[in-house]
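When you line the sequence shown up against full-length UniProt numbering, it's residues 1 to 481, in that order.
Report on the structure given below.
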Amino acid sequence: MRTSLTKELEKYTQLLEAQASQVEKDEWRLKFHVMPPVGWLNDPNGLCYFNGEYHLFFQYSPSDPNGSLKYWGHYVSKNMLSWEYKGIALYPDMPFDCCGVYSGSALVEGDQVWLYYTGNVKLPGNHDYVNTGRQGNTIAVVMDKDGHMGDKQLVLTNEDYPADVTCHVRDPKVWKDKDRYYMVLGARKKGDKGCVLLYSSTDRMSWELANVLETEETFGFMWECPDFFCLDGHNVLSFSPQGLAQNGLDYANTFQSGYFMVRGEVTGAYTLENFREWDRGFDFYAPQTFETGDGRRILMGWMGMGESDYVNLTVERGWQHCLTLPRELSLKNGRVLQNPVRELEQYRTDRADYSLESGMEMAAPLCSDILMEELKDRDFHLCIDDGLTINYDKDKKIFTIEFLPESPISGGRTARGVALENLNSLRILLDTSAVEIYVNGGEEVFSSRMYPRDLEISHGHSLTLAAGSGKMTMWKLEERE
Ligand code: FRU
């Protein structure tokens, strides 16, 4: 149902998006990463493969590059890399979602997609909005194969959630297993303990609590954006915990994202084992996964960070943030590896091969795919655009990425790192102002934004190798339909 508020919001959004042509001229716009047409983007939502196309929705505030009221924007693609913007899919136009169409997911059912999301409501009055004053409504909407949305249907309200959780319950992720449907919701318990609520249903509309997934000891005060999936026969619980204290190189960002391997029965007795962070860089949060038509498990994250003390220099150019590239997940020795989707290889051109030597200087295209191998048993120091260094200290066995303190490209970012037994290979993906670094075949990933100026004048990035040996293959990534 389109209300008069929907019609009004449509008009405003059209006016705002008319500025997209101005934003498009920005040299920091990305070629392969999903961005907001104008304004602000955060979490990926409703990722799915449906009717021969990939659908991607996202948390979108077109009116403000610093984020405000959230809508769902919508992109479609044939290959997960070249996306066509389809406009706003969901506006905050009902009493039960009037303070934001918050994050959620997609369930493909024949020729329909069931979208589930959180309707955020903040009630007027004197509230802390944790224990009182906030609604986190779970809402379903059916999209047909022409992209038409049905009516929003209220599925769960705060009264339906367990009595020991606060008002913070959100981000439904729904899937089907045999004859049942399951939903995980992120929650903050009273006493500030993060957990995941697991619901089940036989009809997609009426849901019953099936379990609460949590650690024995508190592990953050709130778990956002949960996801649950099976990879090579092993169950994985992904979520974004808030409130973890930094511990050496671990948990270095304001908020984290990672996963537990789940042993036992998710609807019964279970244990959560081996928390690992998805991404060790500066800009990564709230990932979501989905399955492709050919059965690959793909993860995409928000390439941004809330409440960080570093900035994105695109704000003054009218937009902020992007999503990571889609990553294929696989399992090796009990941990999940992430690698860019294989479709990216179709965009490679202008292959150049090098044998790496300390002191080398090279130019890399604006968008490049750089593979370095046989790096074994050496210290490694590479500097990109005279500002971002990538380092391996073989004695300390520590891998770091570090912006030089005086560098204007950092936006205030400093250093991040991880303990690493050996550095064997690196794959560096550069896309104007975004960099994703895949270490040792996707054992660790570092994502960051960076802001080199005059990219178009210099036709790309500079690479300086201060230490290291091995071989390198570099491709230009070229946009095409
Ligand atoms: C994560 C998050 C979600 C929420 C959404 C609102 O970044 O806080 O928990 O649904 O963003 O935009």
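Ideal Cβ positions, reconstructed from N, Cα and C, are used throughout, including at glycine.
Since this is a predicted model, take the numbers as computed values, not measurements.
Heavy atom of the ligand FRU less than 7 Å from the Cβ of residue i, yes or no?
i, result
"R170", "yes"
"Q59", "yes"
"A89", "no"
"Y102", "yes"
"Y85", "no"
"A286", "yes"
"D164", "no"
"G306", "yes"
"residue 482", "Outside the modelled stretch of the chain, which goes from 1 to 481, sits residue 482, for which no answer is possible."
"E224", "yes"
"T215", "no"
"K70", "yes"
"D64", "no"
"N274", "no"
"T118", "yes"
"N42", "yes"
Could you tell me which residues DSSP puts in a beta bridge with residue i?
i, result
"R297", "E291"
"T389", "C383, E402"
"D431", "C367, A434"
"M205", "Bridge partners of M205: none, in fact."
"E136", "First, the residue type needs correcting, since residue 136 is Gly and not Glu in the sequence shown. Bridge partners of G136: N120."
"Y182", "W175, S200"
"N211", "L198"
"S425", "For S425, which the question treats as bridged, DSSP gives no partner whatsoever."
"S410", "DSSP, once it has assigned bridges, lists no residue as partnering S410."
"H461", "A364"
"W302", "Y285, L323"
"Y60", "L41, Y71"
"T473", "D353, L371"
"F219", "BP columns for F219 are empty, so no partner."
"E328", "I298, N339"
"A467", "H381"
Grab me the residues of residue i's own chain with a C-beta within less than 6 Å of its C-beta, minus the 5 sequence neighbours each way, in chain order.
i, result
"R427", "L371, Y438"
"P365", "G460, K476"
"D232", "L331"
"G243", "G220, F221"
"A415", "T400, E402"
"P326", "M80, I298, M300, V341"
"G119", "F96, D97, N137, I139"
"D164", "K189, K190"
"F228", "V184, L237"
"L123", "G133"
"Y182", "W175, S200"
"residue 488", "Since the first residue shown for the chain is 1 and the last is 481, residue 488 is missing from the structure and cannot be characterised."
Suppose the cutoff is 7 Å on Cβ atoms and the five residues either side in sequence are ignored; what does the same chain contact list for residue i look like?
i, result
"H234", "M261, L331"
"A20", "P37, V38"
"E373", "S425, G470, K471"
"D309", "G412"
"G442", "L337, Q338, N339"
"residue 483", "Any property of residue 483 remains undetermined from this structure, which presents the chain solely from 1 to 481."
"E436", "T324, L325, L429, V445, S447"
Sorted by chain position, which residues of the same chain lie with C-beta nearer than 8 Å to residue i's C-beta, five sequence neighbours on each side aside?
i, result
"V23", "R29, P37, V38, R317, G318, W319"
"L69", "S61, S63, P92, C99, G100"
"E273", "F260, M261, V262, R263"
"T202", "D179, R180, Y181"
"K31", "L366, C367, D431, T432, L477, E479"
Can you list, in chain order, the stretches of the beta strand (DSSP E) that have 3 or more residues and sit fully within the segment 225 to 300?
Listed in chain order, they are 234 to 242, 258 to 264, 270 to 277, 285 to 291.
With a floor of 4 residues, list each alpha helix (DSSP H) that falls wholly inside the segment 72 to 129, ordered by position along the chain.
Taken in chain order, the segment 72 to 129 contains no complete alpha helix (DSSP H) segment of 4 residues or longer.
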